[in-house]
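Below is one structure; the comments refer to it alone.
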Amino acid sequence: MTIGLFDSGIGGLSVLKKLIETLPAHYVYVADTMRAPYGTKTSDTIEVFSREIIGFLAEKKVERIFAACNTSDSTLVKYRGAFKIPYHSIIQAGVNASKYDRVAVIGTHMTVQSGLYKHDLEARGKKVIQRPAQLFVSIVEEGIFYGNMVEAVVKFYLEPFRKFKPQELILGCTHFPFLKDIIARLMDNVRIIDPADEIVREVSHLVGSGRSFVEFYVTGNPEEFERKLKKIGFKYPYQVKHLEIAELEQKVVYFERACDIDRVLGSG
Ligand code: DGL
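When we follow the working numbering, the leftmost residue of the sequence shown carries the number 131, and every step to the right adds one.
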């Protein structure tokens, strides 16, 4: 089985790590580090980037696609019902993972602006508070997961949630699980939700086979990406390849292999 994942950088590794533990497969992971971060750009821009990447994955003949990036996923809502290759939405997984009534959500600027978590959770009768925590992305990309500086930044972003007394906190960006220990310490008695756990449950019926292998395609510096893989102790066999933006841009034509555009246009 060949499975595709994508993110702006190393955030999606928090999803890949959990998937690969349960589902042995051949993974193709696109890290668009050259154009990262995604969360500070416009929704239209990220929709185009996401379509290019999905086109690239479709050309690689992946049999399933995991949006390992909430920001990208937030721009793809209109395509959700039209995917021809099974597509797993990280935002839907996060919403489905919620069990309690008072929910706090953190994500990138764009994910929070999209209001998707808030809308879908409120539709289930929950009270929701949300806040962007974009700086967490830079900290994680720098490979800084512990220490006083991280604690101060986490505190700065999460402190305003206290008054709301959330029962749950959704980590609505795949970079954030790397800071989970510090976040959990600051939000004691709050259930911390990593949507990746739910996304893994979605495929628990699938049976993989053989030894997993990961092909990483990195638009920025592949050596730097590999250094980060080593730093987080990624232990599965892999290969890191460079992917030119010009090449990726051309792959947008294959988006239609993954998604029935006419159905989207027809419904719009
Ligand atoms: N890891 C991504 C997410 O889940 C994007 C972070 C970024 O590039 O801003 O939203």
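Glycine is no exception: its CB is placed at the ideal position from the N, C-alpha and C atoms. Computed from a prediction, not measured in an experiment: that's the story for all the values here.
Residue span of the beta strand (DSSP E) that contains residue i, given as start and end
i    : result
A161 : 156 to 161
F346 : 343 to 348
L299 : 298 to 302
V258 : 257 to 262
V233 : 232 to 237
I322 : 321 to 323
Residue i versus residue j - alpha carbon distance
i    : j    : result
V383 : Y347 : 18 Å
E328 : V225 : 9 Å
A223 : K214 : 19 Å
L187 : N200 : 18 Å
K371 : I313 : 33 Å
R341 : P154 : 6 Å
I300 : A234 : 6 Å
R254 : I150 : 31 Å
G360 : L246 : In the sequence under discussion, the amino acid at residue 360 is Lys, which differs from the Gly named in the question. Cα to Cα, the separation comes out at about 34 Å.
G169 : L206 : 14 Å
I176 : T304 : 16 Å
F385 : K190 : 12 Å
Y159 : D137 : 8 Å
L316 : L288 : 8 Å
R321 : E332 : 20 Å
Buried/exposed call for residue i, threshold 16 Cβ in 10 Å
i    : result
A161 : buried
D324 : buried
F286 : exposed
E377 : exposed
G211 : exposed
R181 : buried
D203 : buried
T172 : exposed
Residue i - partner residues in DSSP beta bridges
i    : result
F196 : L135, H218
K360 : None, per the DSSP bridge assignment.
H372 : V348
Residue i CB to nearest heavy atom of the ligand PLP below 7 Å
i    : result
N278 : With respect to the ligand PLP, the structure offers nothing, as its ligand set consists of the ligand DGL.
Extent of the continuous alpha helix (DSSP H) to which residue i belongs
i    : result
G185 : 173 to 189
D311 : 310 to 316
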